[in-house]
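Residue numbers (our numbering), protein chains in the order written: chain A, 1 to 236; chain B, 1001 to 1337.
What follows is one structure encoded as structure tokens, with my remarks underneath.
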């Protein structure tokens, strides 16, 4: 009898432990969004505006993905390709900028614009948002060509990449190009690529968390600007 | 009642056993899957000095390349042990590539190559060693990433947060650093920043340093960039020359070591160091290029570090009335209040 009770208690404990692994942490939002500001600053801003949810911001995509696996949150916020790759969290709010879900990307170089016809011969700087292998595949698919990429891990690393001539051009969003132009005195020139990448989106674990959605929809303009959007669309 | 409860317990424990079997199955499949996708037998040997920053760099390397190659890490604690080991490691481990982190392993490898000049050396990448260009010029089959942050990287960031023009920046340096300073001058000119340079002899007395630094600080400069030179940054010189002279200098002082911005030292206002994890990613990129080139170093390449971590002594900036853009403080890794 004692042994049976012992088994029963262990069973309950194990079931509890296993279910805690599979159930998302309530009101928890993980954010990976490459921007000028440090993750802790971004996290502080969202947590101040949304005290009812627990936001954790990550500076590296590898840590972001790792933590999602270890302790899945209710929702994740990142650029669309980052959320799409992580299939566990899908279908939440979508960020828009000037009414668009995507943003145009340009190729920026020093002094002389690059010739898109020669793209395969160039070294192109890109922000690593997916990890080494996935990033390579993503860029090759996007350009429909084999691209020689040089990755950086932060937005601010783009300028050194050009200054030190470690890349012929960098592949950045139109808004990042504008920021780089205001930061640098170098002659940065951009070429349209006709390519665009999805803006920030929310991926949800199994069902929408209204607290998180309400909070994100009510973010102020400066915080939205940090996340590269001006509006959030989707059901509460 | 008791019989019913016993039956219930038995049923629960049977369910638990089935669950345990299922979980074991899942773990087995997971293990099998990982065993299949485990790194190949291609080994990269990491030879490191002791230090926390090296651990971060290795973490970056492993995060980026760990699924494609195996890393064997050897931390060496003293020269004697190390110098005996380098040949041994090459013979026993037979690495496809070597990565050096820190000065000492690299110096030992320089000696090893000199003593074995007829041998064929595996490709190598050197990181986190000071003034790498001077060290690896004569080495074969090696690439590297410098440890020093170019002035332009620090100055462009400083220009973002300081609400005052940063056009002329003073630097005092010993003559052995001439090449490094000239290279920095070229980068700074690209960003329309002029380096106001004062070169001093390699063997300079305290009074000479005092004289030249005083002269530089009184010249028409918007900020001072302090180069990482152990001789000029000896604690005695910091106390007796830098700190007394900088008391009257109410402009930004950029240093390359975070601890020089620490509270109450009254030295650096802004510091910039390499982001060690990102350095690992940058090195992984270099390694993967060598891997794709059939494990051959195509050309002798030395890159500057791309990614940095910064700190700002906000208290000292306020004391010196250096106007800081409060909206940009989110760009700072460490704020000293």
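The C-beta atom is built at its ideal place from N, Cα and C for all residues, glycine as well.
(message) For a contact defined as C-beta to C-beta under 7 Å, what are the partners of residue 150(A) on chain B?
(response) Locating residue 150(A) in the first chain gives position 150, where the first residue counts as 1. Going along chain B in sequence order, the residues near residue 150(A) (Cβ under 7 Å) are 1285.
(message) With a threshold of 8 Å between beta carbons, is residue 1132(B) in contact with chain A?
(response) Taking the first residue of the second chain as 1, we reach residue 1132(B) at position 132. False, the Cβ-Cβ gap to chain A never drops below 8 Å.
(message) Is residue 228(A) close to chain B? Criterion is C-beta to C-beta, closer than 8 Å.
(response) Reading the first chain from its first residue, position 228 is the one you call residue 228(A). By this cut-off, residue 228(A) is not an interface position.
(message) Quick check on this structure: which residue in 159(A), 120(A), 80(A) has the alpha carbon closest to the alpha carbon of residue 148(A)?
(response) Against the first chain, residue 148(A) aligns to sequence position 148. Comparing Cα positions, the closest option is 120(A).
(message) Let me confirm a value: residue 73(A) is counted as buried when at least 16 other C-beta atoms fall within 10 Å, else exposed. Which label applies?
(response) Within the first chain, numbered from 1, the residue matching residue 73(A) stands at position 73. Label assigned to residue 73(A): buried.
(message) So, for residue 1295(B): in the same chain, excluding its five sequence neighbours on each side, which residues have a beta-carbon less than 7 Å away from its beta-carbon?
(response) Here residue 1295(B) refers to the residue found at position 295 of the second chain. The beta carbon of residue 1295(B) is closer than 7 Å to those of 1096, 1097, 1123 in its chain, skipping five residues each way along the sequence.
(request) Look up residue 1239(B) in the DSSP assignment and give the residues it is bridged to. (result) The sequence position of residue 1239(B) within the second chain is 239, counting from 1. None; residue 1239(B) has no bridge partner.
(request) Kindly give me the distance between the Cβ atoms of residue 1229(B) and residue 1174(B), rounded to whole angstroms, as I take these residues to be in contact under 8 Å. (result) Residue numbering aside, residue 1229(B) sits at position 229 when the second chain is read from its first letter. Residue numbering aside, residue 1174(B) sits at position 174 when the second chain is read from its first letter. Taking the Cβ atoms as the reference, residue 1229(B) lies roughly 6 Å from residue 1174(B), within the contact range of under 8 Å.
(request) Could you list which residues in chain B have their beta carbon closer than 9 Å to that of residue 143(A), in chain order? (result) For the purposes of this step, residue 143(A) is identified with residue 143 of the first chain, where counting begins at 1. Per Cβ cutoff of 9 Å: no residues; residue 143(A) is ~18 Å from chain B at best.
(request) Could you please give the first and the last residue of the uninterrupted alpha helix (DSSP H) stretch that includes residue 64(A)? (result) Here residue 64(A) refers to the residue found at position 64 of the first chain. For residue 64(A), the enclosing alpha helix (DSSP H) stretches over residues 61-70.
(request) For the beta strand (DSSP E) containing residue 73(A), list its first residue and its last residue. (result) Here the question's residue 73(A) lines up with position 73 in the first chain. Here the beta strand (DSSP E) through residue 73(A) covers 73-79.
(request) Pair every Cβ in the segment 90-105 of chain A with every Cβ in the segment 191-199 of chain A, then say whether three or more of these pairs are closer than 8 Å. (result) By the C-beta criterion, the segment 90-105 of chain A is judged to be in contact with the segment 191-199 of chain A, since at least 3 inter-stretch pairs fall below 8 Å.
(request) Name, please, each residue of chain B whose Cβ falls closer than 7 Å to the Cβ of residue 37(A). (result) Looking up residue 37(A) in the first chain gives position 37. Residues of chain B whose Cβ lies closer than 7 Å to the Cβ of residue 37(A) are, in chain order, 1330, 1331.
(message) Assuming the contact rule is C-beta atoms closer than 8 Å, residue 164(A) and residue 1303(B) should be a hit. Round their C-beta distance to whole Å, please.
(response) Residue mapping note: residue 164(A) aligns to position 164 of the first chain, counting from 1. Residue mapping note: residue 1303(B) aligns to position 303 of the second chain, counting from 1. Sure, about 7 Å apart at Cβ, within 8 Å.
(request) Note down, in chain order, every chain B residue with its Cβ under 8 Å from the Cβ of residue 157(A). (result) Here residue 157(A) refers to the residue found at position 157 of the first chain. Residues of chain B passing the Cβ test: 1278, 1306, 1307.
(message) Using C-beta distances below 8 Å, list every residue in its chain close to residue 1250(B), excluding the 5 sequence neighbours before and after it, in chain order.
(response) For the purposes of this step, residue 1250(B) is taken as the residue at position 250 of the second chain. If the five residues before and after residue 1250(B) are omitted, its C-beta is found closer than 8 Å to the C-beta atoms of 1320, 1321, 1322, all from its own chain and listed in chain order.
(request) Verify the CB distance criterion: does residue 186(A) have a CB-CB separation below 8 Å to chain B? (result) For this step, residue 186(A) is matched to residue 186 along the first chain. Answer yes: the Cβ-Cβ gap between residue 186(A) and chain B drops below 8 Å somewhere.
(request) Could you check the C-alpha separation between residue 1206(B) and residue 1237(B) for me, to the nearest Å? (result) Reading the second chain from its first residue, position 206 is the one you call residue 1206(B). Reading the second chain from its first residue, position 237 is the one you call residue 1237(B). Their backbone Cα atoms lie some 7 Å apart in a straight line.
(request) Apply the 10 Å Cβ neighbour rule to residue 1157(B) and answer buried if 16 or more other Cβ atoms are within range, or exposed otherwise. (result) Here residue 1157(B) corresponds to residue number 157 of the second chain, with the count starting at 1. When all chains shown are included, residue 1157(B) counts as buried.
(message) Quick check on the DSSP output: the beta strand (DSSP E) that includes residue 1097(B) runs from which residue to which?
(response) As a working note, residue 1097(B) is residue 97 in the second chain. First-last of the beta strand (DSSP E) with residue 1097(B): 1097-1101.
(message) Counting only C-beta atoms, is residue 32(A) closer than 8 Å to chain B at any point?
(response) For the purposes of this step, residue 32(A) is taken as the residue at position 32 of the first chain. Residue 32(A) does not count as touching chain B.
(request) Return the CA-CA distance between residue 161(A) and residue 212(A), expressed in angstroms with no decimal places. (result) Here residue 161(A) is taken as the residue at index 161 of the first chain, counted from 1. Here residue 212(A) is taken as the residue at index 212 of the first chain, counted from 1. Their backbone Cα atoms lie some 37 Å apart in a straight line.
(request) Decide if residue 1231(B) is buried, meaning its Cβ has at least 16 other Cβ atoms within 10 Å, or exposed. (result) As a working note, residue 1231(B) is residue 231 in the second chain. Exposed, by the Cβ-count rule.
(message) Which residues does DSSP list as the beta-bridge partners of residue 944(B)?
(response) Residue 944(B) is absent from the structure shown; chain B starts at 1001 and stops at 1337.
(request) State the beta-bridge partners of residue 1171(B) as determined by DSSP. (result) In the second chain, residue 1171(B) corresponds to position 171, counting from 1. Partner(s): 1197(B).
(request) Grab the span of the beta strand (DSSP E) containing residue 171(A) for me, first residue to last. (result) Residue 171(A) sits at position 171 when you count from the first residue of the first chain. First-last of the beta strand (DSSP E) with residue 171(A): 169-173.
(request) Measure the alpha-carbon distance for residue 30(A) versus residue 57(A) and round it to whole angstroms. (result) The residue given as residue 30(A) occupies position 30 in the first chain. The residue given as residue 57(A) occupies position 57 in the first chain. Using only the alpha carbons, I get a separation of about 6 Å.
(message) Relative to the C-alpha of residue 47(A), which candidate in 60(A), 220(A), 131(A) has its C-alpha closest?
(response) Residue numbering aside, residue 47(A) sits at position 47 when the first chain is read from its first letter. Nearest to residue 47(A) by C-alpha distance, out of 60(A), 220(A), 131(A), is 220(A).
(message) Give me the residue from 1286(B), 1282(B), 1258(B), 1289(B) with the minimum Cα distance to residue 1332(B).
(response) In the second chain, counting from the first residue as 1, residue 1332(B) sits at position 332. When each option's Cα is compared against that of residue 1332(B), the closest is 1258(B).
(request) In the DSSP assignment, find the unbroken beta strand (DSSP E) run with residue 151(A) in it and report its ends. (result) Within the first chain, residue 151(A) is the residue found at index 151, counting from 1. Taken as a continuous stretch (DSSP letters only), the beta strand (DSSP E) holding residue 151(A) covers 148-152.
(message) If we define contact as Cβ-Cβ less than 8 Å, is residue 41(A) a contact residue for chain B?
(response) By one-based count along the first chain, residue 41(A) stands at place 41. At least one CB atom of chain B sits nearer than 8 Å to the CB of residue 41(A).
(request) Taking all protein chains shown into account, decide if residue 1176(B) is buried (16 or more other Cβ within 10 angstroms of its Cβ) or exposed. (result) Taking the second chain and counting its residues from 1, the one referred to as residue 1176(B) is at position 176. The residue in question, residue 1176(B), is exposed, as its Cβ has fewer than 16 Cβ neighbours within 10 Å.
(request) Compute the Euclidean distance between the alpha carbons of residue 140(A) and residue 1140(B), then round it to the nearest angstrom. (result) In the first chain, counting from the first residue as 1, residue 140(A) sits at position 140. In the second chain, counting from the first residue as 1, residue 1140(B) sits at position 140. Across the structure, residue 140(A) and residue 1140(B) are spaced so that their CA atoms are roughly 34 Å apart.
(message) Applying the 10 Å Cβ sphere with the 16-neighbour rule, what's the burial state of residue 1184(B)?
(response) The sequence position of residue 1184(B) within the second chain is 184, counting from 1. Residue 1184(B) counts as buried, since no fewer than 16 other beta carbons sit within 10 angstroms of its beta carbon.
(request) Flag residue 72(A) as yes if its beta-carbon sits less than 8 Å from any beta-carbon of chain E, otherwise no. (result) Looking for chain E here will not work: the only protein chains present are A and B.
(request) Please look up how many angstroms separate the CB atoms of residue 98(A) and residue 230(A), rounded, as I've assumed it's under 8 Å. (result) Indexing the first chain from 1 puts residue 98(A) at position 98. Indexing the first chain from 1 puts residue 230(A) at position 230. Contact between residue 98(A) and residue 230(A) holds: CB atoms are separated by about 7 Å, below the 8 Å threshold.
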